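Input: a single structure, listed below in structure tokens.
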Amino acid sequence: MVDYYSVFLSLLGGLFSTLMMSIFEFPFWRKWGLKGVLEWHENQVLYSKFFKTDRSQINFPGLFFLHFVNGGLGGIGFYFLLTLVPFLSTMVFFVGMLYGLVLWVLTLLPIHKPITGIDPFKHPFGPSPAITSLIGHLLYGAILSVLMMLIF
148 MVDYYSVFLS LLGGLFSTLM MSIFEFPFWR KWGLKGVLEW HENQVLYSKF
198 FKTDRSQINF PGLFFLHFVN GGLGGIGFYF LLTLVPFLST MVFFVGMLYG
248 LVLWVLTLLP IHKPITGIDP FKHPFGPSPA ITSLIGHLLY GAILSVLMML
298 IF
């Protein structure tokens, strides 16, 4: 049976973890602009396609809307992972870090070039945006795991 209160807390945990990830990424946006923060760049392009807005004009409400939807859903996904595979709840922090890595590998890397036209491993700014994005996702997983320890 689904514990809806825990699902709601997981959503909030995902949103908070996304906020912390975004705060971490903010200085890199100031340094490199939108193309230097991989997930923000993807969300900008997707938002402009979905809502037919000008792709060249940064739409912070739109890109952060998508960023936080993804982060909130990621929190719920992590809850269901821990619920469906109970032994993972004995090592939540490690699993959270691995979850952040898996999210980066499965949801960012394969779609970044098709969406933005920029290969994250052949980025005009070198490896730094990919490394920043990876660290951001590991941070997301670490914070989410600490918050999930309060639930499990």
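Read in order, the letters of the sequence shown are residues 148 to 299 in my numbering.
The beta-carbon is built from N, C-alpha and C at its ideal position, and this holds for glycine as well.
Just so you know, these numbers come straight off a predicted model, no measurement behind them.
C-beta contact flag for residue i and residue j at 8 Å
i: Gly180; j: Leu291; result: no
i: Gly243; j: Gly161; result: no
i: Val239; j: Phe299; result: yes
i: Gly247; j: Gly288; result: yes
i: Leu210; j: Ala277; result: no
i: Ser157; j: Phe225; result: yes
i: Trp251; j: His284; result: yes
i: Thr279; j: Phe163; result: no
i: Pro267; j: Leu256; result: yes
Nearest-angstrom Cα separation, counted from residue j out to residue i
i: Leu294; j: Gly273; result: 33 Å
i: Pro233; j: Tyr152; result: 18 Å
i: Phe195; j: Ser203; result: Sequence inspection shows Ser at residue 195; the Phe mentioned does not correspond to that position. Ser195 and Ser203: Cα-Cα distance of roughly 9 Å.
i: Val249; j: Asp201; result: 32 Å
i: Lys269; j: Lys178; result: 18 Å
i: Lys199; j: Phe241; result: 40 Å
i: Ile205; j: Phe197; result: 14 Å
i: Val192; j: Ile258; result: 12 Å
i: Asn190; j: Phe173; result: 15 Å
Reference residue i, options the options, closest by Cα
i: Leu281; options: Met296, Phe225, Thr254; result: Thr254
i: Thr237; options: Leu297, Leu159, Ser164, Trp176; result: Leu297
i: Leu102; options: Val149, Met148, Thr165; result: Past the edges of the chain, shown from 148 to 299, lies residue 102, and the structure says nothing about it.
i: Trp187; options: Leu231, Leu229, Leu235, Pro208; result: Pro208
i: Val149; options: Leu245, Leu231, Pro271; result: Leu231
i: Leu245; options: Pro267, Phe268, Leu228; result: Leu228
i: Leu112; options: Phe241, Asn217, Ile258; result: Missing from the structure shown is residue 112; the chain here goes from 148 to 299 and no further.
Any non-hydrogen atom of the ligand NAP closer than 7 Å to residue i Cβ
i: Gly219; result: The ligand NAP is not among the ligands present in this structure, which contains no ligands whatsoever.
message: Count Cβ pairs between the region 158-173 and the region 259-278 that sit closer than 8 Å; are there 3 or more?
response: no
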